[in-house]
Amino acid sequence: MDNITYKLTKEDVNWQEVSDVLRRSGLSNHSQEEQEIIFKNSYAVVFVYDEDKIVGVGRALSDGICQAAVYNIALDEEYQGYGIGRRLITSLLEQLKGQNIILYTHPRTVALYEKMGFRRNKTAMCIFDVGKEKQEWMEQEGFLLPEKYRFTEEISKF
């Protein structure tokens, strides 16, 4: 892991490698052309390289002043457990200093983000335009609470 570098710019990026990392991580099936648009339209980016090959990515949307959202944090499995992912995230967060940051993550990585200072938000809402089958999968995996779910203390209030 001696040849790991982090790039915070969008120039000279192999977009096929970006697409491949996200596909291997199960986060996105967008083409290299779509990933180029997605990342170039993002406020902040991080690309992790092992020599000249992209092995990790992350991006954030932001208004540049007070609100930001982190997306597409992915690191190839063989690079996990060495602190590379933590540095990827830290590099992204440094670009968002002073802003409120929201994050979507896999239920398996909640504890990692909690260690980095993120807290769960009880009132976050989302709309995913992915079709009924994909939404059911997201619910089964723990990404979404069941439709019309209410926490115990909310039941008596509504």
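Heads up: the sequence shown begins at 1 in full-length UniProt numbering, then just goes up one per residue.
Just so it is clear, CB atoms sit at the ideal spot from N, CA and C, and this is done for glycine as well.
Give me, in chain order, the residues of the same chain whose beta-carbon lies closer than 8 Å to that of residue i; leave out the 5 immediate sequence neighbours on both sides.
{"i": "Arg24", "result": "Ala74, Asp76 and Glu77"}
{"i": "Asn121", "result": "Ile102"}
{"i": "Phe128", "result": "Lys134, Gln135, Met138 and Leu144"}
Whose CA, out of the options, lies closest to the CA of residue i?
{"i": "Val13", "options": "Ser31, Glu136, Phe47 and Asp2", "result": "Phe47"}
{"i": "Ile54", "options": "Ser62, Leu61 and Val45", "result": "Val45"}
{"i": "Glu51", "options": "Arg59, Lys7, Glu33 and Asn72", "result": "Lys7"}
{"i": "Asn29", "options": "Asp63, Arg59 and Asn72", "result": "Asn72"}
{"i": "Gly26", "options": "Glu154, Lys148 and Glu141", "result": "Glu141"}
Enumerate in chain order the residues of its own chain whose CB-to-CB distance from residue i is below 6 Å, with the five nearest sequence positions on each side excluded.
{"i": "Gln35", "result": "Trp15, Val18 and Ser19"}
{"i": "Tyr79", "result": "Val55"}
For residue i, count neighbouring C-beta atoms within 10 Å of its own C-beta (all shown protein chains included) and say buried if the count is 16 or more, exposed if not.
{"i": "Asn41", "result": "exposed"}
{"i": "Ala124", "result": "exposed"}
{"i": "Gly131", "result": "exposed"}
{"i": "Ile37", "result": "exposed"}
{"i": "Gly98", "result": "exposed"}
{"i": "Phe151", "result": "exposed"}
Which residue comes first and which comes last in the alpha helix (DSSP H) that contains residue i?
{"i": "Tyr104", "result": "First-last for Tyr104: undefined, no H or E at that position."}
{"i": "Ile73", "result": "Note, Ile73: premise wrong, no alpha helix (DSSP H); beta strand (DSSP E) at Gln67 to Leu75."}
What is the residue span of the beta strand (DSSP E) that residue i lies within?
{"i": "Ala113", "result": "It should be noted that the sequence gives Tyr, not Ala, for residue 113. Note, Tyr113: premise wrong, no beta strand (DSSP E); alpha helix (DSSP H) at Val110 to Lys115."}
Using a Cβ-Cβ cut-off of 7 Å (strictly less than) and excluding sequence neighbours within five positions of residue i, which residues of its own chain qualify?
{"i": "Thr109", "result": "none"}
{"i": "Ser105", "result": "This sequence places Thr at residue 105; Ser is not what is there. Result list for Thr105: Tyr113, in chain order."}
{"i": "Tyr82", "result": "Met1"}
Problem - Whole alpha helix (DSSP H) elements within the region 6-43, 4-residue minimum - result: Entirely contained in the region 6-43, the alpha helix (DSSP H) runs reaching 4 residues are, in chain order, 15-24 and 32-40.
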